[in-house]
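Listed in order, the protein sequences are those of chains A and B. Residue numbers for the first sequence follow UniProt numbering, beginning at 1 and rising by one. Residue numbers for the second sequence follow UniProt numbering, beginning at 1 and rising by one.
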Amino acid sequence: MSAFHSRLRRAWPLAAIAAIAAALAGAFAWTAGWVGGPRLTAQRFTDAIEAGNGKAYPGFRRAHAKGVCVTGRFTGSGDGAALTRAGMLAPGATTPVLGRLSIAGGDPHAPDATARVRSMALLLTGTDGQQWRMAMNNFPFFAVNTPQGFYDQAMASRPDPATGKPDPAKMAELLRKHPEIAKFQQWAKTAPWPDSWANTQFNSVNAFRFTDAAGNVRSVRWSMRPRLAFAAMEKSLREDAEADYLADDLRARLADGPLRWDLVLTVAEPGDAVDDPSQAWPSNRRQVVAGTLELDATQAQAGGACRDVNYDPTVLPDGIAPSDDPVLAARAGVYSQSYNRREREIARDQAPEATVQGDTR
Amino acid sequence: MNAPTHFNPLARTLHWTMAAMIVAMLFVGVAMVASISQREWLIALHRPLGIAILLLALLRLGNRLRHAPPPLPADLPRWQALAAHASHWLLYALMLAMPLLGWAMLSAGGFPVQMTPALQLPPIAPRDPLLYAGLRSAHGWLAYALFAIVLAHLSAALLHAWVRRDGVFPSMARGARRPATEETPLE
Numbered sequence: 001m002s003a004f005h006s007r008l009r010r011a012w013p014l015a016a017i018a019a020i021a022a023a024l025a026g027a028f029a030w031t032a033g034w035v036g037g038p039r040l041t042a043q044r045f046t047d048a049i050e051a052g053n054g055k056a057y058p059g060f061r062r063a064h065a066k067g068v069c070v071t072g073r074f075t076g077s078g079d080g081a082a083l084t085r086a087g088m089l090a091p092g093a094t095t096p097v098l099g100r101l102s103i104a105g106g107d108p109h110a111p112d113a114t115a116r117v118r119s120m121a122l123l124l125t126g127t128d129g130q131q132w133r134m135a136m137n138n139f140p141f142f143a144v145n146t147p148q149g150f151y152d153q154a155m156a157s158r159p160d161p162a163t164g165k166p167d168p169a170k171m172a173e174l175l176r177k178h179p180e181i182a183k184f185q186q187w188a189k190t191a192p193w194p195d196s197w198a199n200t201q202f203n204s205v206n207a208f209r210f211t212d213a214a215g216n217v218r219s220v221r222w223s224m225r226p227r228l229a230f231a232a233m234e235k236s237l238r239e240d241a242e243a244d245y246l247a248d249d250l251r252a253r254l255a256d257g258p259l260r261w262d263l264v265l266t267v268a269e270p271g272d273a274v275d276d277p278s279q280a281w282p283s284n285r286r287q288v289v290a291g292t293l294e295l296d297a298t299q300a301q302a303g304g305a306c307r308d309v310n311y312d313p314t315v316l317p318d319g320i321a322p323s324d325d326p327v328l329a330a331r332a333g334v335y336s337q338s339y340n341r342r343e344r345e346i347a348r349d350q351a352p353e354a355t356v357q358g359d360t361r
Numbered sequence: 001m002n003a004p005t006h007f008n009p010l011a012r013t014l015h016w017t018m019a020a021m022i023v024a025m026l027f028v029g030v031a032m033v034a035s036i037s038q039r040e041w042l043i044a045l046h047r048p049l050g051i052a053i054l055l056l057a058l059l060r061l062g063n064r065l066r067h068a069p070p071p072l073p074a075d076l077p078r079w080q081a082l083a084a085h086a087s088h089w090l091l092y093a094l095m096l097a098m099p100l101l102g103w104a105m106l107s108a109g110g111f112p113v114q115m116t117p118a119l120q121l122p123p124i125a126p127r128d129p130l131l132y133a134g135l136r137s138a139h140g141w142l143a144y145a146l147f148a149i150v151l152a153h154l155s156a157a158l159l160h161a162w163v164r165r166d167g168v169f170p171s172m173a174r175g176a177r178r179p180a181t182e183e184t185p186l187e
């Protein structure tokens, strides 16, 4: 046999081995989202949010960057036990709460009172180590019904460098692609603004699957309904308010005693949009007051325990599970990215503002 | 006693079972970190699969320490023999370290280490954001290293099978042929 043939006979197996290794490496890179076109991954989603913030704020959450820590407890009324076997809703069960009240946006120094969207995040830790993490907002329904819509919204609302405002053409295109946003814009324009976190209702917005002791599964959304009466704040007052108005208001109120919210569970009926957070359910749905949240202390997030909590709304106790809502799944992925990025920045000492000690505001 | 020519049956079973599990695990890992739609079931699979790999790796290490593997061919270049031994012990180290890192990382981040919705493992590290950040980075980078070593290991195995044809691949792929008795005519 000629030397050429012998070399060829040896070359084929080598080529096959190289091809197998390359195929595996390629499949891995594709799975990781590194190759194969601009698929919407949790990384790209988080990058888009960061870009929308205009500049980096190391050590802070990529969204809802400005907030304060709160602590207290949740006490189950027992009425929620008919809907879920989760121990935190058993009658009289008291669960410690580490929470966070915040405003939307990526700027940790934004003026509080002019923030349209306000949020309450809670971490309930049961005696058995089970956790219920919630991330609730004051809007009654989500702006979009898909992660792509959320991403497109983040991209379209980035300020145009020329005007400092979002490009109206891009916003019009966004509305054409995701018409459900119109309903949210209407809410943002017309709903009265509360003058405090303490009299704001916070909503889970996404639906969850509740499983009772007998194994029955129901779709549920929940709200934290304030015990304090709603009080509106007019535009002129908001504009004149101090930058840290909400945090100052909260501290002043807590000095007079704890603040309370009732946990209201709303049960879906057949045909309700359980996987679409942009659609509210009819107002006559069955409601159950499952317990009371009591907050009695607040700390600045820079020195507070809530800074290092990822309020991933898919960390849930046995008896509560995520729905198939794609926006809920996307939130978990993006929150995780945001958490890993800011914790890394803090660990590398790149986040002096997020870690400042002794800031007791 | 003669040196064995093949890995024992338990070693071979564990090798191929864990090969499938570890490759699946690496793909599940990068998929769940990237995905915005499939994260929930991937993460619910990732954690118990990781603990299963940890338990099997301990069993496998015990078996390996009790049963010497077949020696490498005497004509194998020295650097290749060294690389083979080093990569095998690295693979063992990573099989054990990756699940422990993941478990410790979730503990340091304050996340429940959920096996099933009702069953969770206790934390094995204190709640500490700096520790979390370090463990999270280590878990990710060592996963890439593990994937690279798995690819090198696979390529080397196929080189033995298709190019050198020296008995290294069959020593893991199948059991030793029965000695001559099988071919002895019945009396």
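C-beta atoms are modelled at their ideal positions from N, C-alpha and C, and glycine is treated no differently. Since the structure is predicted, the reported quantities are computational estimates derived from the model, not experimental observations.
Exercise for the section: In the DSSP assignment, find the unbroken beta strand (DSSP E) run with L263 (chain A) in it and report its ends. Expected result: By one-based count along the first sequence, residue 263 (chain A) stands at place 263. Start and end: L259 to V267.
Exercise for the section: Going by CA-CA distance only, name the one from B:A108, B:M95, B:L72 and B:I149 that's closest to P170 (chain B). Expected result: In the second sequence, the residue the question calls residue 170 (chain B) occupies position 170. Cα-wise, what sits closest to P170 (chain B) is B:L72.
Handout entry: chain A contacts made by the segment 31 to 45 of chain B, where a contact means CB separation under 9 Å
Key = A31, M32, V33, A34, S35, I36, S37, Q38, R39, E40 and I43
Exercise for the section: Find the residues of chain A that neighbour P112 (chain B), judging by a C-beta separation of less than 8 Å, and give them in chain order. Expected result: Numbered from its first residue, the second sequence carries residue 112 (chain B) at position 112. Under the 8 Å cutoff, chain A gives G129, Q130, Q131 and V315.
Practice task
Starting from the Cα of D75 (chain B), find the closest Cα among B:R177, B:R174 and B:H160 and give me that residue.
Solution key: Taking the first residue of the second sequence as position 1, residue 75 (chain B) is located at position 75. It is B:H160 whose Cα lies nearest to the Cα of D75 (chain B).
Practice task
Can you grab the Cα-Cα spacing for the pair A182 (chain A) / L98 (chain A), in whole Å?
Solution key: Residue mapping note: residue 182 (chain A) aligns to position 182 of the first sequence, counting from 1. Residue mapping note: residue 98 (chain A) aligns to position 98 of the first sequence, counting from 1. Taking the straight line joining both Cα atoms gives about 35 Å.
Practice task
Decide if the segment 8 to 28 of chain A is in contact with the segment 52 to 66 of chain A; the criterion is three or more beta carbon pairs, one per stretch, under 8 Å apart.
Solution key: no
Exercise for the section: Please list the partners that N340 (chain A) has in chain B, where partner means a Cβ-to-Cβ separation under 7 Å. Expected result: To locate residue 340 (chain A), count along the first sequence from 1; it is residue 340. Within 7 Å Cβ-Cβ: R136.
Problem - Residue-level contact to chain B via CB, E269 (chain A), 7 Å cutoff - result: If you number the first sequence from 1, residue 269 (chain A) lands on position 269. It does not: the Cβ of E269 (chain A) has no partner Cβ on chain B nearer than 7 Å.
Problem - Contacting positions in the segment 93 to 120 of chain B - beta carbon closer than 8 Å to chain A - result: G109, G110, F111, P112, P117, A118 and Q120
Handout entry: Check whether N8 (chain B) and H67 (chain B) have beta carbons under 7 Å apart
Key = Counted from its first residue, the second sequence places residue 8 (chain B) at position 8. Counted from its first residue, the second sequence places residue 67 (chain B) at position 67. The answer is yes: Cβ separation under 7 Å.
Exercise for the section: With DSSP as the reference, please indicate the residues paired to E294 (chain A) in a beta bridge. Expected result: Along the first sequence, one-based indexing puts residue 294 (chain A) at 294. According to DSSP, which records beta bridges pairwise, E294 (chain A) is partnered with A:R73 and A:R260.
Handout entry: Contact residues within the segment 136 to 165 of chain B, judged by C-beta distance below 8 Å to chain A
Key = R136, S137, F147, L151, L154, S155, L158, L159, W162 and V163
Problem - Backbone secondary structure at G164 (chain A) - three-state DSSP - result: The sequence position of residue 164 (chain A) within the first sequence is 164, counting from 1. The answer is coil: DSSP assigns G164 (chain A) none of H, G, I, E or B.
Practice task
Decide if the segment 176 to 192 of chain A is in contact with the segment 200 to 209 of chain A; the criterion is three or more beta carbon pairs, one per stretch, under 8 Å apart.
Solution key: no
Handout entry: Residue environment, T184 (chain B), which counts as buried when at least 16 other CB atoms sit within 10 Å
Key = Looking up residue 184 (chain B) in the second sequence gives position 184. In this prediction, T184 (chain B) has a pLDDT of 45, which is less than 50 and means its spatial position is unreliable; what the coordinates show is noted afterwards. Flag for T184 (chain B) reads exposed.
Exercise for the section: Please state whether DSSP places P226 (chain A) in a helix, a strand or coil. Expected result: Taking the first residue of the first sequence as 1, we reach residue 226 (chain A) at position 226. In this structure, P226 (chain A) counts as strand in the three-state DSSP scheme.
Handout entry: Assigned secondary structure, V315 (chain A) (DSSP; H/G/I helix, E/B strand, else coil)
Key = Looking up residue 315 (chain A) in the first sequence gives position 315. V315 (chain A) falls in the coil class under three-state DSSP.
Problem - Under 9 Å by beta carbon: chain A residues contacting L91 (chain B) - result: Locating residue 91 (chain B) in the second sequence gives position 91, where the first residue counts as 1. Correct list: empty, because the minimum Cβ distance to chain A is about 16 Å.
Handout entry: Exposure of N216 (chain A), with buried meaning 16 or more beta-carbon neighbours within 10 Å
Key = Taking the first residue of the first sequence as position 1, residue 216 (chain A) is located at position 216. That one is exposed.
Exercise for the section: From the DSSP output, in three-state form, read off I103 (chain A) for me. Expected result: As a first step, residue 103 (chain A) is located in the first sequence; it is residue number 103 there, counting from the start. Looking at I103 (chain A) - three-state DSSP - the assignment turns out to be strand.
Problem - Rounded C-alpha distance that separates P108 (chain A) from S155 (chain B) - result: Working through the first sequence from its first residue, we reach residue 108 (chain A) at position 108. Working through the second sequence from its first residue, we reach residue 155 (chain B) at position 155. The straight-line gap from Cα to Cα measures roughly 51 Å.
Practice task
Quick one: measure Cβ to Cβ for L101 (chain B) and L142 (chain B), integer angstroms, because I've assumed they're closer than 8 Å.
Solution key: Here residue 101 (chain B) refers to the residue found at position 101 of the second sequence. Here residue 142 (chain B) refers to the residue found at position 142 of the second sequence. Their Cβ separation, rounded to whole angstroms, is 7 Å, which keeps L101 (chain B) and L142 (chain B) in contact under 8 Å.
Problem - CB contact flag (N340 (chain A), R136 (chain B), <7 Å) - result: Against the first sequence, residue 340 (chain A) aligns to sequence position 340. Against the second sequence, residue 136 (chain B) aligns to sequence position 136. Cβ atoms of N340 (chain A) and R136 (chain B): closer than 7 Å.
Practice task
Could you tell me the boundaries of the beta strand (DSSP E) in which S119 (chain A) lies?
Solution key: On the first sequence, residue 119 (chain A) is found 119 positions in, with the first residue counted as 1. Start and end: R118 to T125.
Practice task
Report the option in A:D212, A:A81, A:D195 and A:D256 whose CA atom is closest to the CA atom of E234 (chain A).
Solution key: In the first sequence, counting from the first residue as 1, residue 234 (chain A) sits at position 234. Measuring from the Cα of E234 (chain A), the nearest candidate turns out to be A:D195.
Handout entry: Of the listed residues A:A22, A:L124 and A:P58, nearest to L263 (chain A) (C-alpha basis)
Key = On the first sequence, position 263 is the one that residue 263 (chain A) refers to. Considering only alpha carbons, the answer is A:L124.
Problem - C-alpha distance - V289 (chain A) paired with L122 (chain A), whole-angstrom precision - result: Within the first sequence, numbered from 1, the residue matching residue 289 (chain A) stands at position 289. Within the first sequence, numbered from 1, the residue matching residue 122 (chain A) stands at position 122. About 17 Å.
Practice task
Verify whether the separation of the beta carbon atoms of R10 (chain A) and S338 (chain A) is less than 7 Å.
Solution key: One-based indexing of the first sequence puts residue 10 (chain A) at position 10. One-based indexing of the first sequence puts residue 338 (chain A) at position 338. No, they are not a contact pair.
Problem - Span separating the alpha-carbon of W261 (chain A) from that of L40 (chain A) - result: For the purposes of this step, residue 261 (chain A) is taken as the residue at position 261 of the first sequence. For the purposes of this step, residue 40 (chain A) is taken as the residue at position 40 of the first sequence. Going from the Cα of W261 (chain A) to the Cα of L40 (chain A) covers about 37 Å.
Exercise for the section: Kindly indicate which residue of A:F45, A:D167, A:P13 and A:A113 has the alpha-carbon position closest to the one of A243 (chain A). Expected result: For the purposes of this step, residue 243 (chain A) is identified with residue 243 of the first sequence, where counting begins at 1. Comparing Cα positions, the closest option is A:A113.
Handout entry: Cutoff 7 Å: L130 (chain B) Cβ touching any chain A Cβ
Key = Position 130 of the second sequence, counting from 1, holds the residue named residue 130 (chain B). Yes, L130 (chain B) counts as interfacial toward chain A.
Practice task
Starting from the C-beta of R85 (chain A), find all residues in its chain whose C-beta is less than 8 Å away, skip the five residues before and the five after it, and write them out in chain order.
Solution key: For the purposes of this step, residue 85 (chain A) is taken as the residue at position 85 of the first sequence. Contacts found: T211, D212, A213, D318 and G319.
Exercise for the section: May I have a chain-ordered list of the alpha helix (DSSP H) segments no shorter than 4 residues that lie completely inside the segment 174 to 252 of chain A? Expected result: 181 to 190 and 235 to 240
Exercise for the section: Give the straight-line distance between the Cα atoms of F74 (chain A) and L295 (chain A), rounded to the nearest whole angstrom. Expected result: Within the first sequence, residue 74 (chain A) is the residue found at index 74, counting from 1. Within the first sequence, residue 295 (chain A) is the residue found at index 295, counting from 1. Cα to Cα, F74 (chain A) sits roughly 9 Å from L295 (chain A).
Problem - Proximal residues to P159 (chain A) (C-beta, below 7 Å), its chain only, five neighbours per side dropped - result: Within the first sequence, residue 159 (chain A) is the residue found at index 159, counting from 1. Answer for P159 (chain A): G54, K165 and P166, listed in chain order.
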